[in-house]
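Here the sequence shown stands for residues -23 to -1, 1 to 216, numbered as in mature numbering (1 follows the signal peptide of the UniProt record, and there is no 0).
Read the structure below first, then the notes.
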Amino acid sequence: MGFYYMISWIALLALSHICFSAAYDSTNQNHPPSAMIVGTVYCDTCFHQNSSRNYQLISGASVMVDCSNQTTKTSFRKAVKTDNDGVFRVQLPSEIGKHVKKIKGCSVKLQSSNEPFCAVAASATSSSFHLKSTTNKIHVFSSGFFTFRPLNQPELCYQRPSVEGSSNFEASKDTIPSSPLPSVNISPLLPLLPPLPTLPTLPPLPNLPNIPQLPPPATPSNPLIPGIPKQFPTNETKP
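In structure tokens, the structure reads:
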């Protein structure tokens, strides 16, 4: 009896697990993809607005994302801070992320800067979003760039760079006077010099006389060797 009771419990647990897995998979398949809003905050040092010159990304800036709408009865607000690259990211809830119309009804507002010298909000609010990418079923909507400015432009903004880009050169052409250049007096050309006279041809060198042939040296004859003198008798006395 106990064995059959244990088998029944095991079968019931297995059936419950199968039903729960099927329901979980069905929920995930019907769950709409999430959405995220991203943006970038930087300091527009020289008030160039959309220009990329003399700007600095601001990390730690506070940004508020507001998707509250009385018509659709949705309420979502979240404050975030930018990372080291000046980028903020806000994950939207599913009741907003599954409707593009609700996403475009959101707004992004600058709250505070992390840089004391650059704390005046220039482009404080934006409600313009465009789909940037889709990664792992997450739709990433870009809200663009947001800028802070210093209270006064620093002196470096008034310094003229030594090498300018083509766009700056085109913009500065209006300040160049259009008066013609002064004429330069060109001295008259010098008269041509007469050609050099041709040099006379040199006479040919005289032929050298033939060197007389020397007679061969005479070979001396060998002198006669004197003969060996005859032996003279000795004066030896016989005993």
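In this text, a Cβ means the ideal position worked out from N, Cα and C, and glycines have one as well.
CB of residue i within 9 Å of CB of residue j, strictly
i	j	result
F65	G16	yes
V97	A12	no
C89	F122	According to the sequence shown, residue 89 is Ser rather than Cys. Contact: no.
F125	D21	yes
L133	C23	yes
Residue environment, residue i, which counts as buried when at least 16 other CB atoms sit within 10 Å
i	result
F106	buried
N61	exposed
F94	exposed
V77	exposed
S45	exposed
K79	buried
I188	exposed
Which of helix, strand or coil DSSP assigns to residue i
i	result
K114	coil
C134	helix
S71	helix
I14	strand
K50	coil
I153	Below a pLDDT of 50, predicted positions are generally treated as unreliable, and I153, at 45, falls in that range; no measurement from the model is reported.
T124	strand
L191	coil
S84	strand
A99	coil
Beta-ladder partner(s) of residue i, from DSSP
i	result
K55	V42
Q33	C20
K78	Paired residue(s): none; K78 is not in a bridge.
F65	G16
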